[in-house]
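In UniProt numbering, the protein residues as written are 1 to 328.
Here the structure comes first, spelled out in structure tokens, and everything after it is commentary.
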Amino acid sequence: MPNTYTDQFWLIDPANPPSVGDTLTVYSFNIIDQNDNNLINRFSNDSIDGSDITSSYPGDTVTVNLPGGGSATITGATFYLADGRVVFTPSDGSVLQTSTFASSTFVNSQGSLPTGSLGPPCFMAGTGIGTPNGLISVECLRKGDVLQNHAGQLVKLRVVLNSSYSARQLAENPKLRPVRIMAGALGCGLPQSDLLVSRQHRMLVSSKIAERMFGTTDVLVSAIKLTELPGIYVDESVREAEYFHLVFDQHEVIFAEGAPTESLYTGPEALRSISQEAREEIFAIFPELTNLGYTPDPARALPSGKLQKQLVARHMRNKRPLLELLTT
1 MPNTYTDQFW LIDPANPPSV GDTLTVYSFN IIDQNDNNLI NRFSNDSIDG
51 SDITSSYPGD TVTVNLPGGG SATITGATFY LADGRVVFTP SDGSVLQTST
101 FASSTFVNSQ GSLPTGSLGP PCFMAGTGIG TPNGLISVEC LRKGDVLQNH
151 AGQLVKLRVV LNSSYSARQL AENPKLRPVR IMAGALGCGL PQSDLLVSRQ
201 HRMLVSSKIA ERMFGTTDVL VSAIKLTELP GIYVDESVRE AEYFHLVFDQ
251 HEVIFAEGAP TESLYTGPEA LRSISQEARE EIFAIFPELT NLGYTPDPAR
301 ALPSGKLQKQ LVARHMRNKR PLLELLTT
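Printed below as a string of structure tokens:
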């Protein structure tokens, strides 16, 4: 059965690039995975914005100058469409901005783009974060503050980062819109109040179904994968968004509005999705992250996007809460 996704694109062919300094505008297009195999390519009549894909090249890069200063190199996939357009979308977790073109590289081998490209994982302003003194709004947290993790340990904040998006930016790029998790939607009465997080921010699932699938009761699942469930949806009514990233000495499961969720996972994909200034701040504190091939240990298992989807489907089919085995 076909599955439809919405993603962000620039109209650019990295193999035949525009002039340096040309503006790259962000567009949002629907992608149809015709055979629902979680791969987007020229087979099975997959399409983008209503036009069939004729070829696809994952691994191209585009380097741009950002509107706020600085530059970014984004790795992604280039698609040639039947109507003559050529479009590029990130595959490294970056969120596109309207920028000016600097340079590009391209690959010669065709391939597929897995669905579920990452966006920045973070909390919306106003989110209550669990501390030894109760819930504190995320925007009030500061470097050095102490929070409580899922194991009941006290952990110290090393970095607090934030980024803001206007109504126009949200309209231009719907992937910046937050996912709303309504009070009680995860089970066990959690979250205690509606929780707003970015699409790729992971929430803890603690269940017998997870244990049967992965050999562990606790796994982390992206909020966007949970939108198949009642009470969890992309909130189109949000006019502006301010997101916060919380960084500790290691990846942690902490509490937001009482619900277990992740801190910023400083893996390569997540680091590409934040600003250069933010990356430099994190690298100054954690220089080991600059080593090629270094990947930090996740706080809990991180299933693939396909397995996350299967987990959610099984919870829906069996009508089981996501936090049925939650312990604190």
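Glycine residues also receive a C-beta, built at the ideal position from the N, C-alpha and C atoms.
Being a predicted model, the structure only gives us computed values, none of them experimental.
In this structure, A223 lies away from L311, with their beta-carbon atoms at least 8 Å apart.
If you look at A171, you'll find it in the alpha helix (DSSP H) that goes A167 to E172.
Pairing L135 with G128, the inter-Cα distance amounts to about 5 Å.
Shown here, T227 sits in a helix according to DSSP, grouped into three states. Within its own chain, the residues whose Cβ lies closer than 6 Å to the Cβ of S193, once the five positions on either side in sequence are excluded, are A183 and E257, listed in chain order.
With contacts defined as CB atoms closer than 8 Å, V179 and V253 fail to qualify as a contacting pair. If only uninterrupted alpha helix (DSSP H) runs of at least 4 residues are considered, those enclosed by the segment 142-211 are 167-172.
The residue among R85, V155, S99 and L39 with its C-alpha nearest the C-alpha of H251 is V155. Under the DSSP definition of a beta bridge, V221 partners with M203.
Taking C-beta separations shorter than 7 Å and ignoring five residues to either side along the sequence, the partners of R158 in its chain run K143, V247, F248, D249 and I285, following chain order. Non-local C-beta neighbours of N41 in its own chain, meaning closer than 6 Å and more than five positions away in sequence, comprise S56 and S112, ordered along the chain. In the structure shown, A256 adopts extended strand secondary structure according to DSSP, grouped into three states.
Non-local beta-carbon contacts of P2 in its own chain, meaning distances under 7 Å to residues more than five positions away in sequence, involve I32, D33, Q34 and D36 in chain order. Going by C-alpha positions, R85 is about 35 Å away from T266. A contact between stretches requires three or more CB pairs, one per stretch, nearer than 8 Å, and the segment 198-210 fails this requirement with the segment 96-106. Of the residues A15, V87 and M124, the one whose Cα lies closest to the Cα of N108 is A15. A313: member of the alpha helix (DSSP H) spanning G305 to N318, first to last residue.
For E262, the pairing in a beta bridge is given by DSSP as V253.
Boundaries of the beta strand (DSSP E) harbouring L135: G134 to S137, taken from the DSSP string. Excluding five sequence positions before and after A185, the CB atoms of its chain that fall closer than 6 Å to its own CB belong to G231 and I232, given in chain order. Cα atoms of V26 and L325: separation of roughly 42 Å, rounded to the nearest angstrom. Spanning the alpha carbons of T63 and G70 requires a straight line of approximately 11 Å.
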